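Participant: Residue numbers (my numbering), protein chains in the order written: chain A, -7 to 183; chain B, 353 to 540.
Let me give you the structure first, and then I'll get to my questions.
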């Protein structure tokens, strides 16, 4: 199987176990999930690629709901229809259900354990490294021309230094894409 | 009991239906619904946010599980979490079917060519945001001496970054090793 050839079928068990793993090892939600998705869904399974995952992410963020769940639904639906979507979502949710119920039942004990806090300080730091590595890898893979660089830098600055909502930034990217790559290309063709 | 379950369903369906952007964007509405139905106290809600951040899984899913479990045990946890995810399923299955069929239309291709770099920028900003919360000392706790950055955290983050970029290390193993390293180095 070639690296860039997208797999179009998956068994329900494959979907469940891949998303269970992602749910189990994602700390912090949202973008912290990206390194795991890259590993499980892109490198190991070939269900999508580095570039397409950005479109899927944009879609997942632009509709209501939890981003991790939405991402699992889009990919699950593609590979095995509605059933696949439901199974993938169940997989990404299941670790939370199990872990949080255990914690809720032993709440005081766990919150007071210094070992738990120390281990989590280490994990939080690891997540920073993981997300930074994913950001670099994605930037290298997706920035192919000058307009793309400008859009990426503008999105970064707006997101890091203003309160602008991610959806507004995605919408801005969509309009810029339409202007540059659709109307811009048509004008270029007429000239 | 049935009323409590019904409220869990309607409450979390609403949260799943009306918050865009996931995670922290869901917390204000969740707080409102929790206050209305008395699922937990304000102090418990703050604790659950801390736990939801520390434990694996999406933050909003973790909070829903906790509230459901506190209200009606295992059934409550299952119901609250399923209700939270149900709107996504209803919206995204038809929407992504539409996208899969029409994605090669020139307008959609152009739109997504613009969206991809925007998302890359958002991910870069997220890395910085996550870095700020995980690597900086809490200004209330540190006494203003030396660097504002926790060197142990910085070292772990840098090692993981290097291991993944240079040696394609498995993120899952990186997380497990970092947890063990944290247990040792933050013990001093």
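All C-beta atoms in this analysis are idealised placements derived from N, C-alpha and C, irrespective of residue type, glycine included.
Only a predicted model underlies this, so the values are computations on that prediction, with no experimental measurement involved.
Quick check: what's the CA-CA separation for residue 368(B) versus residue 57(A)?
Facilitator: Numbered from its first residue, the second chain carries residue 368(B) at position 16. Numbered from its first residue, the first chain carries residue 57(A) at position 65. Rounded to whole angstroms, residue 368(B) to residue 57(A) spans 5 Å at the Cα level.
Participant: Of all the residues that make up the stretch 384 to 414 of chain B, which are near chain A by a beta-carbon distance shorter than 9 Å?
Facilitator: Listed by position along the chain: 396, 399, 400, 402, 403, 404, 405, 406, 407, 408, 409, 410, 411, 412, 413 and 414.
Participant: So, using beta-carbon positions, are residue 128(A) and residue 517(B) closer together than 9 Å?
Facilitator: The count along the first chain starts at 1 and reaches residue 128(A) at position 136. The count along the second chain starts at 1 and reaches residue 517(B) at position 165. Result yes, Cβ atoms of residue 128(A) and residue 517(B) sit closer than 9 Å.
Participant: Please look up how many angstroms separate the CB atoms of residue 432(B) and residue 506(B), rounded, as I've assumed it's under 8 Å.
Facilitator: On the second chain, position 80 is the one that residue 432(B) refers to. On the second chain, position 154 is the one that residue 506(B) refers to. Residue 432(B) to residue 506(B), Cβ: 38 Å. No contact.
Participant: Spatial neighbours of residue 464(B) within its chain, please: C-beta separation below 8 Å, excluding the five flanking residues on both sides.
Facilitator: Here residue 464(B) corresponds to residue number 112 of the second chain, with the count starting at 1. Within the same chain, residue 464(B) has close Cβ partners 455.
Participant: The stretch 7 to 18 of chain A: which residues have C-beta closer than 8 Å to a C-beta of chain B, in chain order?
Facilitator: Residues 13, 15, 16, 17 and 18.
Participant: Does DSSP put residue 156(A) in a helix, in a strand, or in coil?
Facilitator: Locating residue 156(A) in the first chain gives position 164, where the first residue counts as 1. Correct three-state label for residue 156(A): coil.
Participant: By how many angstroms is the C-alpha of residue 153(A) removed from the C-alpha of residue 162(A)?
Facilitator: Taking the first chain and counting its residues from 1, one reaches residue 162(A) at position 170. Taking the first chain and counting its residues from 1, one reaches residue 153(A) at position 161. Approximately 16 Å, taken between the alpha carbons.
Participant: Verify the contact flag: residue 165(A), CB atom, against every heavy atom of the ligand SAH, threshold strictly below 8 Å.
Facilitator: The ligand content of the structure shown is nil, which means the ligand SAH is not present either.
Participant: Within the stretch 38 to 108 of chain A, note down every full alpha helix (DSSP H) run reaching 4 residues or more, in order along the chain.
Facilitator: With a minimum length of 4 residues, the continuous alpha helix (DSSP H) runs that stay inside the stretch 38 to 108 of chain A are 44 to 54, 59 to 97 and 99 to 103.
Participant: Measure how close the beta-carbons of residue 509(B) and residue 121(A) come, nearest whole angstrom, since I'm counting them as under 8 Å.
Facilitator: Residue numbering aside, residue 509(B) sits at position 157 when the second chain is read from its first letter. Residue numbering aside, residue 121(A) sits at position 129 when the first chain is read from its first letter. The Cβ separation is near 4 Å, so the contact holds.
Participant: If we count the other Cβ atoms within 10 Å of its Cβ and call it buried at 16 or more, is residue 387(B) buried or exposed?
Facilitator: In the second chain, residue 387(B) corresponds to position 35, counting from 1. Label assigned to residue 387(B): exposed.
Participant: Apart from the five residues on each side of it in sequence, which residues of its chain come closer than 7 Å, Cβ to Cβ, to residue 40(A)?
Facilitator: As a first step, residue 40(A) is located in the first chain; it is residue number 48 there, counting from the start. Correct list, in chain order: -2, 33, 34, 48 and 67.
Participant: Roughly how many whole angstroms lie between the Cα atoms of residue 424(B) and residue 354(B)?
Facilitator: In the second chain, residue 424(B) corresponds to position 72, counting from 1. In the second chain, residue 354(B) corresponds to position 2, counting from 1. C-alpha separation (whole angstroms): 10 Å.
Participant: For residue 159(A), which residues from the same chain have a beta carbon less than 6 Å from its beta carbon, with the 5 sequence-adjacent residues on both sides left out?
Facilitator: Start at 1 with the first residue of the first chain, and residue 159(A) comes out as number 167. 54.
Participant: Closest to residue 471(B) by C-alpha separation, out of 25(A), 38(A), 165(A) and 176(A), would be which residue?
Facilitator: Here residue 471(B) is taken as the residue at index 119 of the second chain, counted from 1. Residue 471(B) has its Cα closest to that of 165(A), out of 25(A), 38(A), 165(A) and 176(A).
Participant: How would you label residue 384(B), buried or exposed, when you count the other beta carbons within 10 angstroms and need 16 or more for buried?
Facilitator: The residue you call residue 384(B) lines up with position 32 of the second chain. The residue in question, residue 384(B), is exposed, as its Cβ has fewer than 16 Cβ neighbours within 10 Å.
Participant: Report yes or no: do three or more beta-carbon pairs, one from the stretch 471 to 483 of chain B and one from the stretch 93 to 100 of chain A, lie closer than 8 Å?
Facilitator: No contact exists between the stretch 471 to 483 of chain B and the stretch 93 to 100 of chain A.
Participant: Output yes if chain A places a C-beta closer than 9 Å to the C-beta of residue 458(B); else output no.
Facilitator: Residue mapping note: residue 458(B) aligns to position 106 of the second chain, counting from 1. Closer than 9 Å: yes.
Participant: Checking the sheet assignment: what are the DSSP bridge partners for residue 19(A)?
Facilitator: Within the first chain, the letter at position 27 stands for residue 19(A). Answer by DSSP bridge pairing, in chain order: 408(B).
Participant: As a quick exercise: from 441(B), 531(B), 392(B) and 453(B), pick the residue whose alpha carbon is nearest that of residue 422(B).
Facilitator: Numbered from its first residue, the second chain carries residue 422(B) at position 70. Per the Cα distances, 392(B).
Participant: So, is the C-beta of residue 34(A) closer than 9 Å to a C-beta in chain B?
Facilitator: Here residue 34(A) refers to the residue found at position 42 of the first chain. Closer than 9 Å: no.
Participant: If we require 4 or more residues per run, which alpha helix (DSSP H) segments fall completely within the stretch 410 to 480 of chain B?
Facilitator: You should have 411 to 454.
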